[in-house]
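Please read the structure below before turning to the comments.
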Amino acid sequence: MSMTFDDGTFIRSELVTPLPPPIRNVGIIGWMRENLFSSVLNTLLTLFGLALLVLIVPPMVRFALIDAVWTGENREACLDPGVGACWPFIRAKFAQLIYGFYPIEERWRPNIVFAAGAILLVPLLVPSWPMKRLNALLFFVVYPIIAFILLTGGNIDASSFLFQRFGLIQPITGDASLAGVNIAFWADFVLTALVAAALVGGIIGLIGGNALSAGRAVLLAFAGFGVLVLAWDIDFGLRPVETRQWGGLLVTLVIAVTGIVASLPLGILLALGRRSQMPIVRLLSIVFIEFWRGVPLITVLFFATYMLPLFLPQGANPDGLLRALVGVALFSAAYMAEVVRGGLQAIPKGQYEGAMAVGLTWGQMMRLIVLPQALTLVIPGIVNSFISLFKDTTLVLIVSIFDFLGQLRASFTDPNWATPVTLYTGFAFAGIVYFLFCFGMSRYSLFVERRLNTSHRH
Amino acid sequence: MMKRLLSTLALAGACGLAAFGAQAQTKPAKLDQIKAKGFIQCGVSQGLPGFSTPDDKGNWTGLDVDFCRAVAAAVFGDVTKVKFTPLSAKDRFTALQSGDIDVLSRNTTWTISRDTSLGLNFTGVTYYDGQGFMIRKDKKVTSAMELSGASVCTQTGTTTEQNLADFFRANNMTYEVIAFATNDEVVKAYDAGRCDVLTTDRSGLAGERLKLTNPDDHIVLPEIISKEPLGPVVAHGDDQWFDIVKWVLFAQLTAEELGVTSKNVDEQLKSSANPEVKRLLGTEGKFGEGMGIGNDWGYQIVKTVGNYGEMYDRNVGPDTPLKLARGVNALWNKGGLQYAPPIR
C-alpha cells in the first residue's frame, strides 16, 4: 500500500528555474574576482599594473599617433615644440632601412628574394599543407642558391682552384671561357677532384678500408660542391652588387636566417658528438662548444673581420659579410648544441635500449626514435636561441656591416633630419619591427608545441 | 703502424703543398694595387653630421666623404671609383693597418702617438676642429672662464673628458662631470637641463644643437680648449700613395686660393694665362706623372668635387643646417690656417 500526499497543493510538478548564479561569481566581475582580486597581494599587483598602464600607454599613444607629424620634407616639419613622432623621417629613410645601400635600380632583386622566401616559408610552416618534402627541398637547397645569385649577381670570379696556383693549368687550356665560366678553372676542379679521390681512396685502402667507396664519396662531395659553384659561376647578366652595399633589414634577415638554418643541423651534430662514445669526437665537440661559448660574439666578429686578413695570404680575402656569417653560424651552433643536448639527456634510457632491441642501427635509432622526441622537448629552448640570434645580429654593426639598427643609427646623423624627436621616432619604429619578428617566432613556437603536445598535459 | 705513419705523412705533405701554393708574393705598390682593383677603399665615420652621413637616397655625403671622392678623381678621373667602409672609432686604425681600407678619412685627430708609433701617416688637415662649450643663453655666461662650479655633460672615455679636466685644472676652477656612454644621451641630458654645459668638438656642437628643443636658446662659447686637427690618414710604408693623398688636399686648397671652382674650371683651363693655374690644371708641367697618376689630376679634382671652399660650403658651411663659419679653416690669406705648399 502506498500513501500519497500529492493532493496537488504543496508538491510542485515542475522544477524551479534555478536562480542565476550570484553576480559576483560569473561574467566579467566573476572573472576579475578570480583572476585579478583573489587575494590582497593580487589586488595590490592589479592596481599597480593598472597604474603603470595609465602612466605608460596614453603618453605613448599621444607620441606615436595623436601628436605625431605625418608629412614633411625635412627637419623643418618636426621642429614645432611639443610634436610627437616624426614619421616623415622614417618615410624618407624607409628604403635605406630595408635595403641599405643596395643600388636603387637593382632593388627588384632583393624584392624577389623576400617574396620567394615568404612564398616558400609559409606553406612550410602550415602543418596541414601537402608536399612538405618538396617544399623543404626548395626552401633549404634551391632557395639559398637562387637568393645568392640574385643578391650578389652571381658570376663569381672562379679562376684558380688548386693546380692553377702553381700555374699548371692555364698554359694547357688557355683563357677560354663560356658564359662567364672559366674553362681553366673547371679543368683544374675536375683534376683536383680526381686526385683527391685517388689520394683519399689510396689512404683508406692502405689503412685497410674500402678504397672504392671512399673515393666515390669524395667524388660525390666534389660534384655537389661543383654544382653549387657552377651555378654561381655562370654569367646571368646581372650586375654584381657587393655585400658592402647591402644593409638594413636585408642584412638582418640574411644573417638571422643563415644563422638559424645553419646552426640547427650543426648544433645537433655537435650535441651528438658531445655524447658520443668515441673519445676524439667527444673531445673535439667539447672543445668546439666550450671555445665558442667562452668568447663573446663581438670578439668573434672583430677577429674575423680585422684580424683574419693579417694572417691570410695576400689576395685570399673572403668577403666581409661571409666572414661575419660564418662567425655567427658557428657561434650559435655551439649554443644550439647545448640546447639539443638538454633534450637528448631527457630521453629515458629505455628508449635507446628499445630501439637497439628491435635491431635499429645507431643512425636509425637517432633519426627515428631519439631525436624526434628530444627536439620536440626542447622547442622552447631552440626558439629562444633563434630569437636571441635574431637580436644579436645587430652586433655586426661593430664590424662595419649596417644591419637594420645600424642603418637607423646612421640615419640619425643626417643633419637634414636632426630634430629633438628623431631619435625617439627611430627607436620606436625599430622596436615595432623587432617585436613583430620576435613575437611572430615565439607565437609560432607555441603553436607547434601545442600541436605536438609536448608539455604532457593531462 | 707503418701504414698509419705513411698516411699521416701523405696528409701532411698535401697540406704543406697547399700552403705553399697560397704563399704571397712581395707586396706591390699601393697605387698599383688600387689601379688593379679599380677603386679606392675609403674608411669613413659610421655617421657624423656634415662629415660622413648617408642622405635620403642612400649616398654618402660629407666633408670626409668628398675628400675620398677627390682622391678617386685624381687617381681615376672618376668620382664614382671609391667605395666607403663605415668604421667605428675603435676599429678605424686596425682596418687601415690590415689593408682593408686604402685611406682613412674619418674625423681623426692628428696626434704624435698616432702619427709615429701606430704606423700611420697623416696627410694633412681637412678641418681644424677644437673642443668648445655650449650653454643656455639665459645663464648669461659669455666666456668659458666664468664656468667655475658648472656641471658639464660629456661622453665617457674620450679625449674630450681629459681636455675638460685639463682646462678646469689649469684655470683653477671647480666643475662637476656628468658623463654618458653615447652622444645621443649627452644631448638629451643637456636638453633636459641635467647639466649647465655641453662639451664636445665644435663641429659636433653644431650638429648636436640641431637636436635640441629650442636651438636658438643656446650659444657656443668663444673659447676653444683643445687642438683637434682632423685629417686623412694612410698606413706607413708607401710614400707614393702618401704623396698622392697629401697633394689632393693641397690641390683643392690651391684651387680655392687661385679662384678656380668647379663651375669656371673649364673656362680657366682654356683661357687662363696664370702659370699657377696652368700647373694646377696640368696644362703645364708633369706633376701628375711624378706621382704616377694623370697630369690632369688637378683638373679632375676641381671639376668633379670642387675646391676646398666649395667642399666646405656644401657640407658644413653657412647654407647647411650645421651653419659652421669658416673661422680657422679659412685660407691663410683670409685669416685662417689652411695653407698649401706651391705646386711647382
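Read top to bottom, the protein sequences are chains V and W.
Residue 174 in UniProt numbering sits at position 174 of the first sequence, with consecutive numbering throughout.
Residue 21 in UniProt numbering sits at position 21 of the second sequence, with consecutive numbering throughout.
Ideal placement from N, C-alpha and C gives every residue a C-beta, glycine not left out.
Model, not experiment: these values are computed from the prediction.
Go through its chain and collect everything with a Cβ distance to W:Leu210's Cβ below 8 Å, but skip five positions before and after it.
The sequence position of residue 210 of chain W within the second sequence is 210, counting from 1. Answer for W:Leu210: Pro49, Pro321 and Leu322, listed in chain order.
Cβ shell of W:Gln23 (< 7 Å), same chain only, five flanking positions each side left out
Taking the first residue of the second sequence as position 1, residue 23 of chain W is located at position 23. With a pLDDT of 42 at W:Gln23, under the threshold of 50, the modelled position of that residue is not reliable, and the figure given next carries that caveat. Beyond the five residues adjoining it in sequence on each side, W:Gln23 comes within less than 7 Å, by CB distance, of no other residue in the same chain.
For the beta strand (DSSP E) that contains V:Cys78, what are its first and last residues?
For this step, residue 78 of chain V is matched to residue 78 along the first sequence. For V:Cys78, there is no enclosing beta strand (DSSP E), as DSSP gives it neither H nor E.
Count the other CB atoms within 10 Å of the CB of V:Pro318; is the residue buried (16 or more) or exposed (fewer)?
Locating residue 318 of chain V in the first sequence gives position 318, counting from the first residue. Burial call: exposed.
Would you mind giving the Cβ-Cβ distance between V:Phe412 and V:Thr422, rounded to the nearest angstrom? I have them listed as a contact below 8 Å.
For the purposes of this step, residue 412 of chain V is taken as the residue at position 412 of the first sequence. For the purposes of this step, residue 422 of chain V is taken as the residue at position 422 of the first sequence. Contact flag correct, Cβ pair sits at about 6 Å.
According to DSSP, simplified to helix, strand and coil, what is residue 355 of chain W?
Nothing can be reported for residue 355 of chain W: it is not among the residues displayed for chain W, which extend from 1 to 344.
C-alpha gap between W:Tyr127 and W:Leu230, whole angstroms:
The residue labelled residue 127 of chain W in the question sits at position 127 within the second sequence. The residue labelled residue 230 of chain W in the question sits at position 230 within the second sequence. If I take the Cα positions, the gap works out to 5 Å.
When we look at the beta-carbon of V:Leu41 and count the other beta-carbons within 10 Å, is it buried (16 or more) or exposed?
As a first step, residue 41 of chain V must be located in the first sequence, where it is residue number 41. By the neighbour-count definition (other C-beta atoms within 10 Å, threshold 16), V:Leu41 is an exposed residue.
Out of V:Ala333, V:Leu269, V:Leu397 and V:Ala85, which one is the CA nearest neighbour of W:Gln46?
Within the second sequence, the letter at position 46 stands for residue 46 of chain W. That would be V:Leu397, whose Cα lies nearest to the Cα of W:Gln46.
May I ask you to report which of helix, strand or coil DSSP gives W:Asp196?
Walking along the second sequence from the start, residue 196 of chain W turns up at place 196. Residue state, collapsed to three classes: coil.
Please list the residues of the region 320-331 of chain W that have a C-beta atom closer than 8 Å to any C-beta atom in chain V, keeping them in chain order.
Cβ proximity to chain V below 8 Å picks out Thr320, Pro321 and Leu322 from the region 320-331 of chain W.
Cut-off 8 Å between Cβ atoms - residues of its own chain near W:Lys334, not counting five sequence neighbours on either side
Mapped onto the second sequence, residue 334 of chain W falls at position 334. So the list reads Arg326, once near-sequence residues are dropped.
Applying a beta-carbon distance threshold of less than 8 Å, which residues of chain W neighbour V:Arg409?
Translated into positions along the first sequence, residue 409 of chain V becomes position 409. Correct list: Gln46 and Gly47.
Interface residues of chain W facing V:Ser400 [CB-CB closer than 8 Å]
If you number the first sequence from 1, residue 400 of chain V lands on position 400. Gln46, Thr85, Pro86, Leu87, Ser88, Asp91 and Ala95, listed in chain order.
On the CB-based measure, 16 or more other CB atoms within 10 Å of its CB, does W:Ala235 come out buried or exposed?
Counting from one through the second sequence, the residue named residue 235 of chain W turns up at place 235. Buried: at least 16 other Cβ atoms inside 10 Å.
Out of W:Asn59, W:Phe84, W:Lys286 and W:Ser151, which has the shortest C-alpha to C-alpha gap to W:Lys139?
For the purposes of this step, residue 139 of chain W is identified with residue 139 of the second sequence, where counting begins at 1. Considering only W:Asn59, W:Phe84, W:Lys286 and W:Ser151, the residue with the shortest C-alpha distance to W:Lys139 is W:Ser151.
Let me know if W:Gln131 comes out buried or exposed under the rule of 16 or more other beta-carbons within 10 Å of its beta-carbon.
Looking up residue 131 of chain W in the second sequence gives position 131. With 16 or more other Cβ atoms within 10 Å, it is buried.
Output the boundary residues of the beta strand (DSSP E) element that contains V:Phe94.
Locating residue 94 of chain V in the first sequence gives position 94, where the first residue counts as 1. Here V:Phe94 belongs to no beta strand (DSSP E); instead the alpha helix (DSSP H) covers Trp87 to Tyr99.
Step through the CB atoms of chain W and report whether any lies within less than 7 Å of the CB of V:Val63.
Residue mapping note: residue 63 of chain V aligns to position 63 of the first sequence, counting from 1. Just to set this straight, residue 63 of chain V is Phe in the shown sequence, not Val. No, because no Cβ of chain W sits closer than 7 Å to the Cβ of V:Phe63.
Count the other CB atoms within 10 Å of the CB of W:Gln25; is the residue buried (16 or more) or exposed (fewer)?
Counting from one through the second sequence, the residue named residue 25 of chain W turns up at place 25. Its pLDDT being 46, under 50, W:Gln25 is placed unreliably by the model, and the measurement read from it follows with that caveat. Classification for W:Gln25: exposed.
C-alpha distance - V:Val340 paired with V:Arg443, whole-angstrom precision
Reading the first sequence from its first residue, position 340 is the one you call residue 340 of chain V. Reading the first sequence from its first residue, position 443 is the one you call residue 443 of chain V. For V:Val340 and V:Arg443, the distance between alpha carbons rounds to 21 Å.
In chain order, each beta strand (DSSP E) run of at least 3 residues that lies wholly inside the region 135-223 of chain W:
You should have 150-155, 175-180, 197-201 and 218-220.
Excluding five sequence neighbours on each side, which residues of the same chain lie with their C-beta closer than 8 Å to the C-beta of W:Gly21?
Position 21 of the second sequence, counting from 1, holds the residue named residue 21 of chain W. Unreliable positioning characterises W:Gly21 in this predicted model, as indicated by a pLDDT of 42, which lies under 50. A coordinate reading is not provided.
Enumerate in chain order the residues of its own chain whose CB-to-CB distance from V:Ile98 is below 7 Å, with the five nearest sequence positions on each side excluded.
On the first sequence, position 98 is the one that residue 98 of chain V refers to. So the qualifying residues of the chain are Gly248, Leu249 and Leu250.
What residue range is occupied by the uninterrupted alpha helix (DSSP H) comprising W:Gly288?
Here the question's residue 288 of chain W lines up with position 288 in the second sequence. Phe287 to Met291 is the extent of the alpha helix (DSSP H) around W:Gly288.
Inter-residue Cα distance where the pair is W:Gly149 and W:Gly157
Start at 1 with the first residue of the second sequence, and residue 149 of chain W comes out as number 149. Start at 1 with the first residue of the second sequence, and residue 157 of chain W comes out as number 157. Between the C-alpha atoms of W:Gly149 and W:Gly157 there is a straight-line separation of about 22 Å.
Cβ of V:Leu45 within 7 Å of any chain W Cβ:
Position 45 of the first sequence, counted from the start, is the residue given in the question as residue 45 of chain V. No, no contact with chain W.
Alpha carbons only, please: which of W:Thr94, W:Asn329, W:Gly290 and W:Asp238 is nearest the one belonging to W:Glu257?
Counted from its first residue, the second sequence places residue 257 of chain W at position 257. Nearest of W:Thr94, W:Asn329, W:Gly290 and W:Asp238 to W:Glu257, Cα basis: W:Asn329.
Interface positions of the region 192-221 of chain W facing chain V (Cβ-Cβ less than 9 Å), listed along the chain:
Cβ contacts with chain V come from Ala206, Gly207, Glu208, Arg209, Leu210, Lys211, Leu212, Thr213, Asn214 and Pro215.
Against chain V, with Cβ distances strictly below 7 Å, would W:Ala340 count as a contact?
Here residue 340 of chain W is taken as the residue at index 340 of the second sequence, counted from 1. Answer no: the Cβ-Cβ gap between W:Ala340 and chain V never drops below 7 Å.
Using a cut-off of 8 Å between C-beta atoms, extract the partners of V:Asn416 located in chain W.
Your numbering for residue 416 of chain V matches position 416 in the first sequence. Result: Asp55, Asp56 and Pro321.
Status (buried if at least 16 other CB within 10 Å, exposed otherwise) for V:Val254
Locating residue 254 of chain V in the first sequence gives position 254, counting from the first residue. It counts as buried.
Under 8 Å by beta carbon: chain W residues contacting V:Leu191
Start at 1 with the first residue of the first sequence, and residue 191 of chain V comes out as number 191. Residues of chain W whose Cβ lies closer than 8 Å to the Cβ of V:Leu191 do not exist, since the nearest Cβ in that chain is about 14 Å away.
Residue range of the beta strand (DSSP E) that includes W:Gly43:
Taking the first residue of the second sequence as 1, we reach residue 43 of chain W at position 43. Following the DSSP letters along the chain, one finds W:Gly43 inside the beta strand (DSSP E) bounded by residues Ile40 to Ser45.
Contact list for V:Ala92 against chain W, beta-carbon separation under 7 Å:
For this step, residue 92 of chain V is matched to residue 92 along the first sequence. What V:Ala92 touches in chain W: Asp56.
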